[in-house]
Ligand SMILES: Cc1cc2nc3c(=O)[nH]c(=O)nc-3n(C[C@H](O)[C@H](O)[C@H](O)COP(=O)(O)OP(=O)(O)OC[C@H]3O[C@@H](n4cnc5c(N)ncnc54)[C@H](O)[C@@H]3O)c2cc1C
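Residue numbers (the numbering used here): 162 to 693.
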């Protein structure tokens, strides 16, 4: 039972059960009833709230759309919903840059920038609802990150409110890291301990900070544990003129070991994988695909001319002729849209599965050096087979990064023990292969307890020092990135016998959001629905 909340002068603090219930879940696996919910309407209100929390020692859970997978936007403190009150944009087309408030989604940036021939290159599949604050806090990425990296590279500056309630701006190149300084020995430790993967969102990016000296690199990917992000200045790039692509089907995913490095050397803008489990779902949804495929790669090439885009597709097909059993090419944007329809059918099909095969994001975000991807997938499949938990594997093969949704029968006794064993085996496998447990979703509360296993105790100590330097009272998203002593990654699940009870209509509304990826829905609407 949570301690009662101290009296708050903040006018928009909702403590009624229905409001709290509407924020008990995000994407991912957890259901945790918060103590209260606040929806600040701008910087001043948020400062007011943070100062009250600092004085009273009340934990705050920053939140955008709630689409994060690692449980960073749910918790027992006060949920602070920034998806509503920070919706402004201020483009600077001459500089190819755009300031946006924390609530502005990737899709909204795209709509504003497209008429000017510009875009924000990293393209999370959740772009319709993921907020600027959430993307920066998780260092989000997407299919196109194989060429353009994660959002870190595209953040010019941010505005933050710290744990003391002070607002300030942090810019790329400011190098104002005086709150937290790494000694030469600590830099060496970081260089030795951080994984050499193409992507990582596994806690504080001390490796990037050691290179740049930029405070911005400490804050990007800090998952709401160091500061609130209230605004972001995005750097934009011109939209490439032409695009072409190819779908390549494989009889065995072992062939990825050869195919993926070959494709990455051709400088693609996306190399996405769907495994046989997802391909079966796609067929059930009416997608036309040949039988007998173990996996499909969807590959996109952006170039400055149509001839160059088509030429490189030809090279890809020719170079992989010996290992592919299915090839379908697309020579323009319309054709490519048709090819990618397969990818779009997959996620909703997963979200709609019944309790006898519920899709749960437990292993979910591992990333390994490119040359180890084949081994990672084979090892995962073997572990899943041992634990008798079906899995669907998909995602950003070109970055050595795949999502693994477990599909346990949640009506079968012992299913959570099997999941826990699979989580443990998959972590051991990732570490053995030099990988990271999070390529883009963050550590959240799901993976917080893996920090020490991944980086070792000295780096965990550095993480704790950094946290103290920014948030001495520990009010910002406690138990995220840095684990509590009671870390239990499979407690507080949103399915199963121990699930926290919620009003029926709100539980159904939250499930519907998950089934339809309706994360843009203002969550208080769920709480108010019964009043109307
Ligand atoms: C269908 C689906 C597809 C997805 N595809 C991708 C993908 O392709 N790539 C990818 O990277 N992710 C993907 N995700 C995960 C998720 O969308 C991203 O992590 C996204 O960046 C989260 O944004 P959000 O606004 O929902 O943040 P939330 O989920 O609300 O929060 C995520 C984390 O950020 C913190 N946070 C949020 N806002 C702020 C703020 N203003 N200040 C400080 N901290 C804050 C929270 O405390 C939490 O720790 C997907 C999720 C879904 C459901």
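No residue lacks a Cβ here, since even glycine has one placed at the ideal position from N, Cα and C.
Residue i and residue j closer than 9 Å at C-beta
i, j, result
"residue 656", "residue 519", "yes"
"residue 506", "residue 442", "yes"
"residue 661", "residue 199", "no"
"residue 688", "residue 177", "yes"
"residue 388", "residue 481", "no"
"residue 432", "residue 307", "yes"
"residue 297", "residue 393", "yes"
"residue 331", "residue 376", "yes"
"residue 264", "residue 187", "no"
"residue 154", "residue 529", "Nothing about residue 154 can be read from this structure; the chain reaches only from 162 to 693."
"residue 412", "residue 454", "yes"
"residue 526", "residue 562", "yes"
"residue 366", "residue 382", "yes"
"residue 621", "residue 643", "yes"
"residue 227", "residue 244", "yes"
"residue 400", "residue 280", "yes"
"residue 666", "residue 193", "no"
"residue 587", "residue 534", "no"
Any non-hydrogen atom of ligand 1 within 8 Å of residue i CB
i, result
"residue 641", "yes"
"residue 181", "no"
"residue 384", "yes"
"residue 233", "yes"
"residue 546", "no"
"residue 389", "yes"
"residue 249", "no"
"residue 227", "yes"
"residue 601", "yes"
"residue 224", "yes"
"residue 566", "no"
"residue 665", "no"
"residue 627", "no"
"residue 290", "yes"
"residue 259", "no"
"residue 198", "no"
"residue 680", "yes"
"residue 243", "yes"
"residue 508", "yes"
Counterpart residues of residue i in DSSP-defined beta bridges
i, result
"residue 281", "None; residue 281 has no bridge partner."
"residue 434", "458 and 556"
"residue 529", "Bridge partners of residue 529: none, in fact."
"residue 395", "259 and 316"
"residue 329", "321"
"residue 389", "322"
"residue 487", "410"
"residue 199", "174 and 241"
"residue 375", "In DSSP, residue 375 forms no bridge with anything."
"residue 252", "259"
"residue 223", "241"
"residue 266", "292"
"residue 358", "Bridge partners of residue 358: none, in fact."
"residue 597", "528"
Residue i: first and last residue of the uninterrupted beta strand (DSSP E) it sits in
i, result
"residue 194", "Unbroken run through residue 194: none, as it is neither H nor E."
"residue 411", "403-411"
"residue 428", "Segment: none, residue 428 is in no beta strand (DSSP E) and carries neither H nor E."
"residue 567", "562-567"
"residue 652", "Residue 652 -> no beta strand (DSSP E), and no H or E assigned at all."
Residue i, enclosing alpha helix (DSSP H) - first and last residue
i, result
"residue 500", "494-512"
"residue 591", "576-593"
"residue 671", "665-677"
"residue 545", "534-547"
"residue 631", "618-631"
"residue 296", "293-299"
"residue 647", "No alpha helix (DSSP H) holds residue 647; DSSP gives it neither H nor E."
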